Amino acid sequence: MPMMDEFVNTWGGINSLVIVVIIFGLITIYLGYMMLTEIKETRKAIERMEKVLKSVE
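Under the numbering used here, the sequence shown has 22 at position 22, and the numbering climbs by one with no breaks.
As structure tokens, this is what we get:
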């Protein structure tokens, strides 16, 4: 029986590690998506500002 307990404990640790890695991966993907969205918004704002400056000239 001790071998069975060791086997279960090992798989429990591996499963926990996999879950943690998946969660961190999803968080990383979400943050990357948010950064890309923010960059696009900033680019649009800069383009609008350039148009306003050109119209003032």
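For each residue, glycine too, the CB sits at the ideal point set by N, CA and C.
All values reported here derive from a predicted model rather than from experimental measurement.
{"Query": "Per-residue DSSP class, three states only, for Met-1", "Result": "Residue confidence is low: Met-1 scores 46 on pLDDT, short of 50, so the model does not pin down where it sits. Its coordinate-derived value is still stated next. Residue state, collapsed to three classes: coil."}
{"Query": "Span separating the alpha-carbon of Lys-54 from that of Thr-37", "Result": "26 Å"}
{"Query": "Cβ shell of Met-1 (< 8 Å), same chain only, five flanking positions each side left out", "Result": "Because Met-1 carries a pLDDT of 46, less than 50, the predicted location of this residue cannot be relied on, and the following value inherits that uncertainty. Excluding sequence neighbours, Met-1 sits near nothing in its chain."}
{"Query": "Distance between Ile-22 and Trp-11 (C-alpha atoms, nearest Å)", "Result": "16 Å"}
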